[in-house]
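>
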Amino acid sequence: MLDDGLSPMAGGTDLLVPGRKAAGRGVALLEGLPGLDGVAMTAQGLRLGALASLAALERHPVIRERLPVLAQAIACLGSPLIRNMGTMGGNLVTASPAGDTLPALLVLEAVVELASRDGRRHLPVAEFLLGPGRTALGPGEIVAAVRIALPPPGASQHFEKVGRRDALAIAVASLAALIVRDEAGRVVEARLAVGSLAPTARRCPSAEAALPGRRLDREALLEAGRRIRDEISPKGDLRATAAYRREMAGRLPLRLLTLA
Amino acid sequence: MDADRDKGASPGAPRVDALDKACGRQRYAADETPPGCLLAGVKRAGIPHGRIVRLDTAAARAVPGVVTVLTRADVPGTNRQGIVHKDQPVLCGQRVRHHGDPVALVVAENKDALAAGLAAVEVAFEALPAVFDPEEALSPNAPLVHPDREGGNLLAHGLMEKGDAESALAGCDVVVAGRFATPAQDHVSLEPPNGLARLAPSGRLTMVVSTQAPFRDRFEIAQALGLDPQRIRIRAPYLGGGFGGKDGATVQCLLALAALRLPGRWIKMAWSREETFLAGYKRHAAVMDIRLGARADGTLEAIACAMCFDAGPYAHLSGEIMELGMEHAGGPYRIPHVRIEGSCAYTNNPVGGAFRGFGVVQACFAVERAMDMLARRLGRAPESLRLQNALRPGETSAVGVAAEPGTDVAACLNAALAHPLWTGREAWKQAAPAFTRRGVGLVAVQNAMGYGRGLPDHATAKLELTRQGTFRLYNSVPDMGQGNAAAFVAMAAQALGQPEAAVACVQPDTAACPPAGSSSASRTVYTFGNALLRACRTMAEKLRNRAALALLCDTPDRLVLTPGGVSDPATGRFVPLSVLAGFLIRDDRICIDQFVMPVVENPPDTGREFKLGFPHRYFTYGACLCGVEADELTGRVRLVQCLLTVACGKVFTLAGVEQQLAGAAAQGAGLALFEELALEGGRIRAGDLSTYLIPTSLDLPDIDCLPLPDDEPSGPLGIKGMGEVGIHGPGPAVAQALFDAVGLDAASLPITPEVVLAALEELTP
Amino acid sequence: MNEPMDIAFRLNGRPVELTTDPGRRAIDVLREDFGLTAAKEGCGSGECGACAVLVDGTARLSCLMLAAQLHGRDLTTAEGLGRPDAPHPIQTAFAVHGAVQCGYCTPGMTIAAAELLARDPAPDREAARRALSGNLCRCTGYVKIVDAVLAAGAALRGEES
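Protein chains in written order, with full-length UniProt numbering: chain D, 1 to 260; chain W, 1 to 765; chain P, 1 to 161.
1. So, is D:Gly236 buried or exposed, given that buried needs 16 or more other C-beta atoms within 10 angstroms?
2. If you reduce the DSSP assignment to three classes, tell me which class D:Glu141 lands in.
3. So what does W:Met160 bridge to, in DSSP terms?
4. Tell me whether D:Pro226 sits in a helix, a strand or coil according to DSSP, three-state version.
5. Counting C-beta neighbours from all protein chains within 10 Å, is the total for D:Gly24 16 or more, i.e. buried, or is it exposed?
6. Since W:Lys683 meets chain D, which of its residues come closer than 8 Å, beta carbon to beta carbon?
7. May I ask which residues mark the beginning and end of the beta strand (DSSP E) holding W:Val506?
8. Where does the unbroken alpha helix (DSSP H) through W:Leu473 begin, and where does it stop?
9. Using the beta-carbon of each residue, which ones in chain P are nearer than 7 Å to W:Lys21?
10. Kindly list, in the order they appear in chain D, the residues whose Cβ is closer than 8 Å to that of W:Pro695.
11. For chain B, find out if any of its Cβ atoms is closer than 8 Å to the Cβ of D:Pro61; answer yes or no.
12. Quick test of the definition: if touching needs 3 or more C-beta pairs under 8 Å, does the region 226-233 of chain D touch the region 198-212 of chain D?
13. In three-state DSSP terms, what is residue 767 of chain W?
14. For W:Ala678, return the contacting residues in chain D, with the cut-off set at a CB-CB distance below 8 Å.
15. Does the beta-carbon of W:Lys611 have 16 or more other beta-carbons within 10 angstroms, so that it is buried, or is it exposed?
16. Would D:Val187 count as contacting chain W if we go by Cβ distances under 8 Å?
17. Under a three-way DSSP split, which group does P:Val96 fall into?
18. If distances are taken between C-alpha atoms only, which option among P:Leu36, P:His97, P:Arg25, P:Arg73 comes closest to P:Val149?
19. Using the beta-carbon of each residue, which ones in chain P are nearer than 7 Å to W:Leu698?
20. On the three-state DSSP scale, how would you describe W:Val188?
21. Taking buried to mean at least 16 other C-beta atoms within 10 Å of its own C-beta, is D:His122 buried or exposed?
22. So, do the region 280-287 of chain W and the region 349-359 of chain W have three or more beta carbon pairs nearer to each other than 8 Å?
23. Checking the sheet assignment: what are the DSSP bridge partners for W:Ala516?
24. Mapping the DSSP letters down to three states, classify D:Ile74 as helix, strand or coil.
25. So for W:Pro765, helix, strand or coil by DSSP?
26. Within 8 Å (strictly less), CB to CB, does D:Thr94 reach chain W?
27. Less than 8 Å between the CB atoms is what I'm expecting for W:Arg421 and W:Leu387, so what's the real figure, rounded?
28. Verify the CB distance criterion: does W:Ile719 have a CB-CB separation below 8 Å to chain P?
29. Where does W:Met539 land, buried or exposed, given buried means 16+ other C-beta within 10 angstroms?
30. Nearest CA to the CA of P:Ala122: which residue from P:Thr19, P:Val146, P:Arg10?
31. Here's a check: name, in chain order, each residue in its chain whose Cβ is nearer than 7 Å to the Cβ of D:Ala167, leaving out the five neighbours to either side.
32. Can you find the residues in the same chain that come closer than 8 Å, C-beta to C-beta, to W:Asp554, ignoring five residues on each side of it along the sequence?
33. Which residues in chain D sit within 7 Å of P:Arg60, going by Cβ to Cβ distance?
34. With H, G and I counted as helix, E and B as strand and the rest as coil, what does DSSP make of D:Thr241?
35. Is the beta carbon of W:Gly293 closer than 8 Å to that of W:Ile169?
36. Is the CB-CB distance between P:Cys139 and P:Ala50 below 8 Å?
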């Protein structure tokens with residue numbers, strides 16, 4: 001069906017909105033296809049089926065326990081009704097710069113499993129997202145799943161979305177963080193990713209490099225914030241100016257001070 | 001207060017409309033789709049100001065399923081709609097004056113054909129210079145929105161004066177001056193404007209419309225289309241929200257036009273959410289310059305206020321809205337010297353119109369903010385300055401009208417000051433979590449009830465005893481959700497000694513109900529309720545008299561109406577209403593009575609420009625406390641506490657009062673923090689619900705409502721209107737709370753995170 | 001237009017079938033073909049929740065569902081939760097607790113509440129607010145809606161509210 005130019009549709013929460021890509025015509029429903037639903041534990045970690053609803057993922061005990069950054073990101077996506085319909089795969093393929101799960105997937109170093117009649121291939125999320133609404137999906141290809149290796153149990157995970165209201169909000173800025181610290185509280189590894197601050201959600205390698213060896217104190221986090229600002233290219237829109245977004249980039253890391 | 005409540009309906013009794021609505025069984029206008037119904041839609045301008053140079057409907061007519069395409073040439077009559085001033089075309093023929101102006105009406109068999117037909121209408125414009133700022137619109141060289149109009153872009157202008165404000169300001173110990181602005185606001189009724197129409201072979205036009213003013217609609221339609229208003233019948237089922245956005249023509253004239261051209265067919269028009277943003281009325285954006293002067297001891301001496309309202313391209317009720325704003329510009333305070341000037345300008349922005357709060361929202365924000373500035377200048381607490389100057393019964397208001405007896409605004413403030421949210425505020429602020437700053441604000445509010453002098457605020461109520469011995473009341477004032485229909489049923493049931501189940505309610509229908517004014521202006525339950533209680537008294541007296549015959553009782557006054565009948569306490573005898581009804585002809589089973597709201601008896605000698613609607617006699621007072629949290633990192637503000645105290649006469653049902661107060665406060669909170677149309681060149685950029693943000697359930701606190709003991713002897717069961725008073729407080733109270741929290745002195749709404757962040761920066765560089 | 005498709009599903013407890021364009025919106029099928037008007041269109045884009053229905057027990061937006069997606073499903077509208085003469089405890093609670101004003105958002109609210117209470121029989125106010133956060137209401141300020149959801153939970157648990 002995809003060869004006939006139909007758009008593959010998962011939950012429909014983006015595709016069916018009037019004025020968007022399909023608006024009720026020319027879609028191929030993915031639901032019911034085998035292997036696309038559910039969450040599976042594998043030797044490497046979790047495999048989240050592309051059609052798994054965001055609500056199911058939000059409530060999944062392993063995700064809540066081991067991937068809180070993703071659970072928190074999903075919990076502030078759209079609304080409960082949207083999360084009941086929207087899917088992991090849909091959030092990826094929509095590839096909105098403001099896609100709420102994307103920064104979380106980036107710090108989890110998730111891998112996208114792509115399927116077509118020619119077989120399967122795997123791409124890190126960072127390589128899957130090419131631009132606003134643009135992905136590395138090839139012709140006739142769909143997202144089948146997202147694979148996530150479980151981070152070490154002691155890693156701190158954090159997600160914050162800045163929206164104009166507390167539900168049904170499109171992110172003005174977001175920050176996902178995954179921090180591994182040693183027993184003395186010094187950072188061993190830091191992964192930071194932001195949303196709505198660049199054409200795609202993106203990791204912030206320079207900021208990440210500022211943290212290892214340091215404690216998560218105000219100075220270190222301000223330094224990370226300064227570096228994030230240098231790594232992003234925010235735009236202004238109805239929700240916020242570019243200047244405000246840049247300001248958020250610099251400030252959001254400070255919230256990590258509240259990490260235990 | 002409990003004693004008062006006991007006289008009302010029992011607090012636990014649900015509204016009669018509630019269960020049908022909860023079960024999804026209530027049929028709104030939008031739910032009516034008769035078989036074979038055609039669909040109508042409008043091609044809209046899409047530019048702010050222009051001359052139509054070409055309008056070609058041939059391609060649209062050729063679309064399969066399109067039944068007809070109508071343009072200005074098809075409109076009989078004046079083609080002018082409007083409530084007071086008739087200046088808005090039903091369909092534009094030569095010129096469009098805002099993005100949402102209608103240029104063609106397409107009628108089709110189904111949705112797809114309608115969409116294709118609308119897309120196929122070819123229209124070309126010559127762009128004309130446009131004006132988007134109401135103050136600029138009043139400058140001599142501004143583009144004219146109505147070029148041949150005497151007076152140019154100045155739609156309305158007026159002055160309200162008392163004493164000598166300029167001299168008094170010159171002599172004040174302290175004068176503060178500020179410029180304040182409030183934005184346009186969309187009603188976001190969950191049910192967008194919609195309706196149906198059919199022209200019967202008899203020539204009678206029948207319409208079902210989601211409207212707040214079915215009786216007045218007939219005249220607006222008749223005027224615009226050259227019809228006989230007596231040949232128009234309008235039904236107004238329960239509305240899915242209105243808030244003013246359905247007070248005036250939305251779909252009415254367009255639907256009627258389509259029906260005239262396609263006799264015998266039902267035609268339906270339902271605006272989408274986007275079309276509602278584009279074409280619907282908005283609360284007027286306003287700019288207000290205030291100078292407020294006081295003695296060193298805080299006694300207010302004088303206020304000078306200039307208000308400028310953005311009317312958009314058509315009058316709607318702009319002049320009247322400005323007028324009510326002006327009447328409230330001095331706040332609920334004792335001020336001897338007052339000068340309030342209002343002007344209202346045509347622009348090429350969206351059309352300004354009625355919205356809950358009707359000019360008062362704007363005025364209240366400005367004067368309350370000015371009071372905060374003055375308090376700061378005097379080194380006084382904001383609440384103590386307000387209490388010191390609170391208008392008391394018998395004293396003259398800013399515009400020279402003596403305040404009526406009753407619970408006053410000082411009592412409302414004091415009740416808020418005694419509330420734990422106020423007394424505990426310091427501890428609450430101290431307990432703020434990391435990165436969070438808390439602040440509390442408290443303001444005073446007031447809202448006039450009714451249309452004001454010059455425009456009779458009237459209602460007529462009809463009550464029928466059915467052949468079966470139950471009652472049927474004919475509600476003439478649409479219920480847009482405020483619960484007036486349920487209140488009328490409860491009032492009638494109580495007055496007639498019957499259970500509510502014995503009182504059926506017919507919703508407004510110009511063919512069945514006697515006329516009444518609109519569902520608006522905090523007047524609905526007061527005015528219609530008075531008319532209804534009169535009809536109930538007449539009915540009760542009649543039934544006692546008729547029953548006296550059956551009960552062989554020569555003193556009918558001793559008889560009482562009891563559930564299902566009339567009883568004689570002296571003998572214990574009882575005659576069922578069903579039996580009585582069987583003996584009465586229909587004329588005798590109907591009681592009709594009316595009421596007109598009393599007006600100010602000695603109006604002040606000011607505001608003479610205003611023939612309709614000035615001044616008002618009755619005011620509802622209140623106070624509003626808001627507690628906010630501002631996030632230090634993002635500037636995001638959350639409203640986490642909200643208390644409304646109100647003096648609104650007696651409380652008929654506590655739930656009813658709470659519903660109106662909390663709902664109004666929620667809209668005020670939206671205006672304070674979220675809602676912004678983001679106009680650019682007259683175009684609404686935030687024209688859907690993903691960009692125009694109203695509060696969700698996570699954005700509001702549990703709003704506390706505290707009605708105070710009060711009584712309005714002229715009201716039905718002692719009540720006053722209170723549908724609007726709750727909306728005014730959150731804007732200025734949130735602003736004051738943010739000053740408390742982060743030192744931000746907001747002069748305009750909404751207060752965005754960026755503005756808050758800037759204030760935080762100043763606080764902690 | 002797509003080729004008409006035979007669609008069979010359960011609607012408010014009864015099996016139904018229709019042949020229609022599978023690309024039509026579910027809300028239109030409910031309102032136009034079945035005359036069930038509890039699901040309201042407030043925005044048509046998933047931003048208001050007035051069109052919510054239960055699909056296999058999960059609250060979904062019928063304005064963002066296609067007719068084809070109804071096939072094989074079990075669908076409940078507010079009409080199917082209860083009737084005025086035999087209301088669902090949630091509907092009763094909404095009426096008794098003053099949660100209904102204009103009522104246009106109410107059916108969708110009751111659907112969201114039904115899903116919540118099936119999953120979490122004793123939610124606190126915060127949980128109720130979260131569960132309803134995709135359903136806009138312009139009349140109430142939500143306070144009494146939250147009251148009603150908690151009371152309905154208590155009633156469903158067999159407790160006095």
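We treat Cβ as the ideally placed atom computed from N, Cα and C, and that holds for glycine. Computed from a predicted structure; not experimentally measured.
Looking at the coordinates:
1. Looking at its Cβ environment, which holds fewer than 16 other Cβ atoms inside 10 Å, D:Gly236 is exposed.
2. Collapsing the DSSP output to three states places D:Glu141 in coil.
3. Beta-bridge partners of W:Met160 (DSSP): W:Ile340.
4. This sequence places Arg at residue 226 of chain D; Pro is not what is there. Correct three-state label for D:Arg226: helix.
5. Below a pLDDT of 50, predicted positions are generally treated as unreliable, and D:Gly24, at 47, falls in that range; the measurement from the model is reported next regardless. Under this definition D:Gly24 is a buried residue.
6. Position check: residue 683 of chain W holds Arg in this sequence, whereas Lys was assumed. Per Cβ cutoff of 8 Å: no residues; W:Arg683 is ~12 Å from chain D at best.
7. In the DSSP annotation of this structure, the continuous segment of the beta strand (DSSP E) that includes W:Val506 starts and ends at 503-506.
8. Taken as a continuous stretch (DSSP letters only), W:Leu473 belongs to no alpha helix (DSSP H), being part of the beta strand (DSSP E) at 471-474.
9. Per Cβ cutoff of 7 Å: Val100, Gly103, Thr106.
10. At a C-beta separation below 8 Å, W:Pro695 has these neighbours in chain D: Arg165.
11. The displayed structure is made up of protein chains D, W and P, and chain B is not among them.
12. yes
13. Limits of chain W in this structure are 1 at one end and 765 at the other, which puts residue 767 of chain W out of reach.
14. Leu238
15. Result: exposed.
16. Taking Cβ atoms only, chain W never reaches closer than 8 Å to D:Val187, which makes this a no.
17. helix
18. P:His97
19. Arg129, Arg130, Ser133
20. coil
21. exposed
22. yes
23. W:Ala459.
24. Helix at D:Ile74.
25. Residue placement at W:Pro765 cannot be trusted, given a pLDDT of 44 that sits under 50; what the coordinates show is reported in the next sentence. In the structure shown, W:Pro765 sits in coil (DSSP, three-state: anything other than H, G, I, E or B).
26. Closer than 8 Å: no.
27. Sequence check: residue 421 of chain W is Leu here, not Arg. At roughly 17 Å, the Cβ-Cβ gap does not stay under 8 Å, so W:Leu421 and W:Leu387 are not in contact.
28. no
29. buried
30. P:Val146
31. Ser79
32. Ala548
33. Leu81, Asn84, Met85
34. coil
35. Checking the displayed sequence, the identity of residue 169 of chain W turns out to be Leu instead of Ile. Closer than 8 Å, so yes.
36. no
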